[in-house]
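The block underneath contains the structure these notes are about, expressed in structure tokens.
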Amino acid sequence: MRLTYTSDVWWKNAVVYCLDVETYADGNGDGIGDFAGLTQHVDHLDRLGVTCIWLMPFFPTPDRDDGYDITDFYSVDPKLGTLGEFVEFVRTANDRGIRVIADLVVNHTSDEHPWFKEARSSRDSPMRDWYIWSDTPEPDDPKSVVFPDKEDSLWQYDEGSGQYYYHRFYRFQPDLNVANPEVRDEIARILGFWMQLGMSGFRVDAVPFLVEDVSKDEPAGEKKDAQAAGKAGKNKGRDGGGHKLPEVHDFLRDLRAFMNRRDGTAMLLGEVNLPYPDLMKYFGENLGDEVTMCFDFIGMQRMYLAMARGDAAPLAEALRERPVPPRDSHWATFVRNHDELTLDKLTDDERQEVFDSFGPDKDMQLYGRGLRRRLPPMVDGDPRRMKMVYSLLFSLPGTPVLFYGEEIGMGENLKAEGRQAVRTPMQWTPHRNGGFSTAEPSTFPNPVVEGEFGPEHVNVSAQRRDPDSLLMWITTLVERYRECPELAWGEYKVLDTGESRVLAHRADIEGETVVALHNFADEKVSFELTLDGLDDGKVLTDLLVDGTVELSKTGVARFDLEPYGCRWLRASTPELAPS
Ligand code: MG
């Protein structure tokens, strides 16, 4: 491996960890997590092996959409600390070799943002066309409303100025008008500001919604993407202030180029939940000059379907059909993110199968398309299933992204509203409030998890001392993943085992091979695997437990996998032939 190359493209073998400062650790005892508390826990992330922290929005906000409604892009929410404490945190993380990326939410602002207040003050306001206005919007396609439980339209009437403004998300989040070059310049300035303060990149929220063609007549945007994303793409009467809407890919390419002029190693992690052929365009097709990494929403959803069925076939199929990203670009893989666990790319019947297995109660579901649960309660806390799923996460092609609390198997609290169910306080100790805060729980952003998955049973400090804990298992997986360049840099292939309950895949680079096996069923399975090119006296050495498997002269090996068993094996030539 060429070292210079691998460290430049650091995201390809990164371990990304997403957290919300507000719910992670409260350093000043006011009931709200903050940068001071987070800084005290950076060593937990270092021990886990995290190489990149992704901060959910930490900007000033009225907090009507958990911080995604921003009133100032150039500051830290006073509830979470000061800009000085933010810089101390970044410095501490960097000191442990951990990079930091931030959520870039530039699709919209809060309606309390000074820009919007100015824009709505009059039709002649100099900031009027920083937003999208219309006298007569066409009726909405109900399918295009992102939060159908809260909103029934994409347009909101503004009494004061007598026009409608466009909002892809909530009505209190007016969309910015990226057709306006002033807005695009401002977005670049926001990136530049946080890069100057040490950010190594950005997770870009809602990428396909960034540039929306809400006009029938303007020839901008990507109609095909628009349809795939469920965009209306037909609303008439947009007042773009005479600006031509940029093509979404031109906009992303400009943003990426700007960012990489400032720092060649900075990356964009895109939230693009589209079918693979549409999604590939956001990588910049073959050039790879747009979003650096895209989340694999399809693979994630197929993984849950495979788990529900006890059959690896749906995931194997997704991996076989998943395109290879351009050079230097990469997939980002995940088990759970901060939103509802969306199942929108499954068929209705498939989604129902997953609901039946993992979230049968209506209260566990959200928007009719997802689950507001975490994995451990879904599998009744079965440690075999949890360990198998995380083994998959770290061995599948793509950069693993953990959501805080996954490393210890936290559950959800369904008493919290909507998506907040999985944004509960981090569980550090078995003591009061799980060690999150010394304040009264009524002051917390979200209630602590109760019952079987609450802090008394699930916490960092106990698992740190238990070699059989999920925390130690995931720490081991992180180490092995980082030790296996095949997994991050190699070429992947899903293997045929003739046993559909098992997912078998291999990763190869420069003559080195790692094979991973995962049993999705609650039964022991035995099968034979033919490993092409590995028939010259090589053995397979277990990377997670002690043991070796011999290959026949023709590269065939026999395996027995325990129920929900998993194995990682590296092919090597023994110095002494096995007797
Ligand atoms: Mg605090």
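With the numbering used here, letter number 6 in the sequence shown gets 6, and the count goes up by one each step, no holes. We treat Cβ as the ideally placed atom computed from N, Cα and C, and that holds for glycine. Quantities reported herein were computed from a predicted structural model and do not represent experimental measurements.
Euclidean distance between Cα positions of G233 and V146: The pLDDT assigned to G233 is 35, lower than 50, so where the model puts this residue is not dependable, and the model offers no usable value.
Hey, how far is the Cα of A308 from the Cα of F172? A308 and F172 have their C-alpha atoms spaced approximately 38 Å apart.
Cβ atoms of R322 and T342: under 9 Å apart, would you say? No, these two residues do not count as a Cβ contact at 9 Å.
Pick out every residue whose C-beta is nearer than 5 Å to a heavy atom of the ligand MG: which are they, in chain order? With the cut-off at 5 Å, the residues found are D26, N28, D30, I32 and D34.
If I follow the unbroken beta strand (DSSP E) through F403, where does it start and stop? Element bounds for F403: T399 to F403.
When we look at the beta-carbon of R558 and count the other beta-carbons within 10 Å, is it buried (16 or more) or exposed? Per the 10 Å Cβ criterion, exposed.
In terms of residues, what are the limits of the alpha helix (DSSP H) holding L487? DSSP places L487 inside the alpha helix (DSSP H), whose first and last residues are P485 to W489.
Skipping 5 residues on each side, what residues in its chain have a beta carbon closer than 6 Å to that of G157? Checking the sequence, you will find Tyr at residue 157 rather than Gly. Result list for Y157: Y164, in chain order.
Check W428 in the structure and name its three-state DSSP category. Here W428 sits in coil by DSSP.
By the 10 Å Cβ neighbour count, where 16 or more other Cβ atoms means buried, how is T347 classified, buried or exposed? Classification for T347: exposed.
For the beta strand (DSSP E) holding F559, just list the boundary residues, first then last. Where F559 is concerned, the enclosing beta strand (DSSP E) stretches over V556 to L561.
Kindly indicate which three-state DSSP category G201 falls into: helix, strand or coil? The answer is strand: DSSP assigns G201 an E or B state.
Sort C294, S200 and L319 by Cα distance to R262 and report the nearest one. The shortest C-alpha separation from R262 is found at S200.
Contact between the region 79-90 and the region 105-122 is defined here as three or more beta-carbon pairs at a separation below 8 Å; is this criterion met? The region 79-90 is not in contact with the region 105-122.
Cβ pair L396, L319 closer than 9 Å: For L396 and L319, yes; Cβs fall inside 9 Å.
Do you know whose CA, among M127, T71, R91 and P78, lies nearest E112's CA? With distances taken between Cα atoms, E112 lies closest to T71.
Using the three-state DSSP reduction, which class does N519 fall into: helix, strand or coil? Residue state, collapsed to three classes: strand.
Compare the beta carbon distance of R128 and S122 with 9 Å and say whether it is the shorter of the two. Closer than 9 Å, so yes.
Check for me: the alpha helix (DSSP H) holding A318 runs from which residue to which? That run of the alpha helix (DSSP H) goes A313 to E321.
What number of angstroms, rounded off, separates the C-alpha of P445 from the C-alpha of A119? The C-alpha of A119 is placed about 31 Å away from the C-alpha of P445.
Span of the alpha helix (DSSP H), counted from its first residue to its last, around W115: For W115, the enclosing alpha helix (DSSP H) covers residues P114 to S121.
Can you have a look at F586 and say buried or exposed, based on whether 16 or more other CB atoms are within 10 angstroms of its CB? Because the chain in this structure spans residues 1 to 579, residue 586 falls outside the shown range and cannot be described.
Taking only the alpha-carbon atoms, compute the straight-line gap between R351 and D344 and give it to the nearest angstrom. So the alpha carbons of these two residues sit roughly 8 Å apart.
What is the C-beta distance between N177 and W130, in whole angstroms, given that I count them as a contact (C-beta under 8 Å)? Right, their Cβ atoms sit about 6 Å apart.
Could you tell me the alpha carbon to alpha carbon distance between P181 and P126, rounded to whole angstroms? Distance between the alpha carbons of P181 and P126 is about 13 Å.
To the nearest whole angstrom, what separates the beta carbons of L268 and M259, a pair I think is in contact under 8 Å? Right, their Cβ atoms sit about 7 Å apart.
Straight-line Cα distance separating G533 from K553: Answer to the nearest angstrom: the Cα atoms are 11 Å apart.
Member of A316, Y24, W331 and D328 whose CA lies at the smallest distance from the CA of L45: Comparing Cα positions, the closest option is Y24.
Hey, would you say A312 sits closer than 9 Å to L503, going by beta carbons? In contact: A312 and L503 (Cβ atoms closer than 9 Å).
Spatial neighbours of W10 within its chain, please: CB distance less than 6 Å, with the 5 preceding and 5 following residues excluded, ordered by chain position. The beta carbon of W10 lies closer than 6 Å to none in the same chain, with the five residues before and after it left out.
Quick one, are the C-beta atoms of Y367 and D149 less than 9 Å apart? Between Y367 and D149, the C-beta spacing is below 9 Å.
Cα-Cα, which of E440, E452 and A421 is closest to P430? If we check each option's Cα against that of P430, E452 comes out closest.
Taking the C-alpha atoms as reference points, what is the distance between A303 and V335? Looking at the sequence itself, residue 303 is Met, so the reference to Ala does not match. Between the alpha carbons of M303 and V335 lies a gap of roughly 9 Å.
Are the region 501-516 and the region 421-428 touching, with three or more C-beta to C-beta distances below 8 Å? Fewer than three pairs of CB atoms, one per stretch, sit closer than 8 Å, so the region 501-516 makes no contact with the region 421-428.
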